[in-house]
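**Student:**
Numbering (the working numbering), first residue to last: 128 to 361.
#1: Alpha carbon to alpha carbon, how far is residue 254 from residue 296? Give it in angstroms, no decimals.
#2: Identify which residue in 305, 238 and 204 has its Cα closest to the Cα of residue 160.
#3: By how many angstroms is the C-alpha of residue 229 removed from the C-alpha of residue 137?
#4: Going by beta-carbon coordinates alone, are residue 156 and residue 237 separated by less than 8 Å?
#5: Could you give the first and the last residue of the continuous alpha helix (DSSP H) run that contains residue 217?
#6: Pull up the distance between the alpha-carbon of residue 268 and that of residue 234, whole angstroms please.
#7: Can the beta-carbon of residue 315 be found closer than 8 Å to that of residue 153?
#8: For the region 140-149 against the region 163-178, do three or more pairs of beta-carbon atoms, one drawn from each stretch, fall closer than 8 Å, so that the two count as touching?
#9: Can you tell me which residues form a DSSP beta bridge with residue 166?
#10: Buried or exposed: which applies to residue 147, given that a residue is buried once 16 or more other Cβ atoms fall within 10 Å of its Cβ?
Following this line, the structure appears as structure tokens:
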């Protein structure tokens, strides 16, 4: 069985499209699958949207993406785990490639990433550099990560001490226990963070994290890009 695990905090606006894409991409495989939405302290209609789009809802109050993903994995029943962010659209090609990679012995992996929508010039450059860096480093982007259940259990899952970059730590952990595959197929993820934060804000955040080092990644208060009040995406 394939288990799709979707962490979500106040994602009612985009969640339906994400879940519809998962169903549309997976049904042609004619393989048993389940979709779990891990509803993390949402105050909007995230849970209702998840149920409406045929997902099983797991309710938590953690406000930490690594722990939320782990909660979904623990509650899931599949041998193949695919973690998809609530603002990310998969397709049949990338799901098939991920499942085939695991069936052929890969412990885990990720995919190429395309950002949707209009982006400022600086953001388009940043997006391309980010994708290139992840591919050169053979690391999964957090919006789409897959692994076998055995790989998840052998690594202990996502590091619950990290509030960001947990996908990088998890990628490295998976490499230590098996073969890690970065697919050529792509997913499409929301560009809202790059539209709603300015270049100067992101530079200040990066500078603060460089000063604080690993400690900054273990403190939610310094990571407003991921845990701050979401800004309107216009």
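All residues carry an ideal CB built from backbone N, CA and C; glycine is no exception.
**Tutor:** In this structure, then:
#1: Locating residue 296 in the chain shown gives position 169, where the first residue counts as 1. Locating residue 254 in the chain shown gives position 127, where the first residue counts as 1. So the two alpha carbons sit approximately 20 Å from each other.
#2: For the purposes of this step, residue 160 is identified with residue 33 of the chain shown, where counting begins at 1. Here the closest residue by C-alpha is 204.
#3: Counting from 1 along the chain shown, the entry for residue 137 is found at position 10. Counting from 1 along the chain shown, the entry for residue 229 is found at position 102. Computed Cα separation, rounded: 31 Å.
#4: Looking up residue 156 in the chain shown gives position 29. Looking up residue 237 in the chain shown gives position 110. No, the pair does not count as a contact, with Cβ atoms beyond the cut-off.
#5: The residue given as residue 217 occupies position 90 in the chain shown. Neither: residue 217 is in no alpha helix (DSSP H) and is coded neither H nor E.
#6: For the purposes of this step, residue 268 is taken as residue 141 along the chain shown, with counting starting at 1. For the purposes of this step, residue 234 is taken as residue 107 along the chain shown, with counting starting at 1. Rounded to the nearest angstrom, the two C-alpha atoms are 16 Å apart.
#7: Counted from its first residue, the chain shown places residue 315 at position 188. Counted from its first residue, the chain shown places residue 153 at position 26. Taking 8 Å as the Cβ cut-off, residue 315 and residue 153 do not qualify as a contacting pair.
#8: yes
#9: Taking the first residue of the chain shown as 1, we reach residue 166 at position 39. DSSP lists 135 and 186 as partners of residue 166.
#10: Mapped onto the chain shown, residue 147 falls at position 20. Flag for residue 147 reads exposed.
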